[in-house]
């Protein structure tokens, strides 16, 4: 059995809040769009570097939504962390459904 | 006596204390404001409940390795720490509830969604009725978390994550009602909940090799690496969402983004995920992987690495493997 957990601090709000506010754990740093996915691999003595960039516009307006490609070619987005997509267009459709206020009304 | 986590549908005391605890933690304001967390907009107080929402958003934005991509592996998801990190988060919420309820015996209840999955995933199941979590809506307008006009004590979402996964203030700083959109079809969501056969298949996964730790997770310890963790998190088998991810997608609304702890059902859901993990660990000697692996890229995922959860106390996955002195479950799958 592992040592017991002293949960006193875990159950006290201000230490949690203070640590979160003073650290980089609140996730506030912003990443610039457009985003890039860089995949690397070795094949027959060669080094492959594959850079993928998605530059997304909706109704002519650039959208700061990032899409990333994993090594297997599957797409992910920070806006939908429990999803994975095989189609970039499906990913954008799902983002638009999940964040309708962000994209405004369509025609 | 170790507190026992029980089924929310069969233990009225756990349900009522959970509901009371949610509202008490929503009302309890910390000394910190949105400005202190670097969240844009007017400076507003942040409740204890919402501190945990921010912690979840933050961990989802924290890449492992640190110079990597959080969409591919982060401090709470898409890797081996998914289960221990969320166990620690549940312990934190449960501890805060014990404090505000003044009840050291309180134990979080769980929602066994596989029962609803076996019953064709009805959108009017008992859990979604007035006396439990309320139903769907944009916003939800029934049950304890309904957004009722003229009710100053109504449940209000104040921190959310934006389309890029970053923390922002909901409603421009005024807050808004909770949102749920059940059973949407792909690509927006998923039309069914996991069933008992899915739970059985996840628990029974057997790796092809002979290394015992492979049963939990395997190189490259990512969303796509096979093992019990990846299957319970819901990335595998490839081609559709399963288990944990499937439940998030079925509920939709506020359960879609990284601010998903905004919906109190998040905790009932993760308590059930934790229960399945506990069942697996009792069957397989509390295995964890990786025990050793190079840093980078796997520092933060190994059994003795520090979990990125706010607080000066440092917890590792090893600490989370056996918490039987803190709580147990009434029934394991």
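Residue numbers (the working numbering), protein chains in the order written: chain A, 1 to 107; chain B, 1001 to 1333. Cβ atoms here follow ideal geometry from the backbone N, Cα and C, with glycine treated the same way.
Reduced DSSP secondary structure (H/G/I, E/B, other) of residue i
i              : result
residue 62/A   : strand
residue 1075/B : coil
residue 83/A   : coil
residue 1331/B : coil
residue 1282/B : helix
residue 1045/B : strand
residue 1096/B : helix
Closer than 8 Å to chain C by CB, residue i
i            : result
residue 39/A : Absent from the structure is chain C; the protein chains it does hold are A and B.
Nearest to residue i (by Cα), restricted to the options the options
i              : options                           : result
residue 1093/B : 1310/B, 1330/B and 1035/B         : 1310/B
residue 1063/B : 1172/B, 1255/B and 1072/B         : 1072/B
residue 77/A   : 91/A, 87/A, 20/A and 62/A         : 91/A
residue 1154/B : 1019/B, 1320/B, 1120/B and 1242/B : 1019/B
residue 1065/B : 1096/B, 1246/B, 1220/B and 1210/B : 1220/B
residue 63/A   : 80/A, 85/A and 54/A               : 54/A
residue 1234/B : 82/A, 68/A and 75/A               : 82/A
residue 1269/B : 1150/B, 1320/B and 1127/B         : 1127/B
residue 1133/B : 1179/B, 1165/B and 1173/B         : 1179/B
residue 1122/B : 1251/B, 1278/B and 1171/B         : 1251/B
Exposed unless 16 or more other CB atoms sit within 10 angstroms - verdict on residue i
i              : result
residue 1006/B : buried
residue 1331/B : exposed
residue 1181/B : buried
residue 1001/B : exposed
residue 1086/B : buried
residue 1056/B : buried
residue 1110/B : buried
Same chain, Cβ closer than 7 Å to residue i, neighbours up to 5 away in sequence not counted
i              : result
residue 1112/B : 1007 and 1272
residue 1068/B : 1297
residue 98/A   : 79 and 80
residue 1287/B : 1212, 1213, 1215 and 1216
residue 1084/B : 1307, 1317 and 1320
Own chain residues within Cβ distance below 6 Å of residue i, not counting five before or after
i              : result
residue 1059/B : 1075, 1076 and 1308
residue 1194/B : 1114, 1117, 1243 and 1246
residue 1257/B : 1161
residue 50/A   : 39
residue 1261/B : 1052, 1053 and 1056
residue 1303/B : 1288, 1291, 1317 and 1318
residue 1248/B : 1255
Residue-chain proximity (residue i, chain B), Cβ-Cβ < 8 Å
i            : result
residue 32/A : In this predicted model, residue 32/A has a pLDDT of only 48, less than 50, meaning its place in the structure is not dependable enough to derive any value.
residue 76/A : yes
residue 99/A : yes
residue 42/A : no
residue 20/A : yes
residue 80/A : yes
Min CB distance residue i to chain A below 8 Å
i              : result
residue 1064/B : no
residue 1091/B : yes
residue 1036/B : yes
residue 1277/B : no
8 Å Cβ shell around residue i - same chain, five flanking residues per side excluded
i              : result
residue 1035/B : 1043
residue 1324/B : 1002
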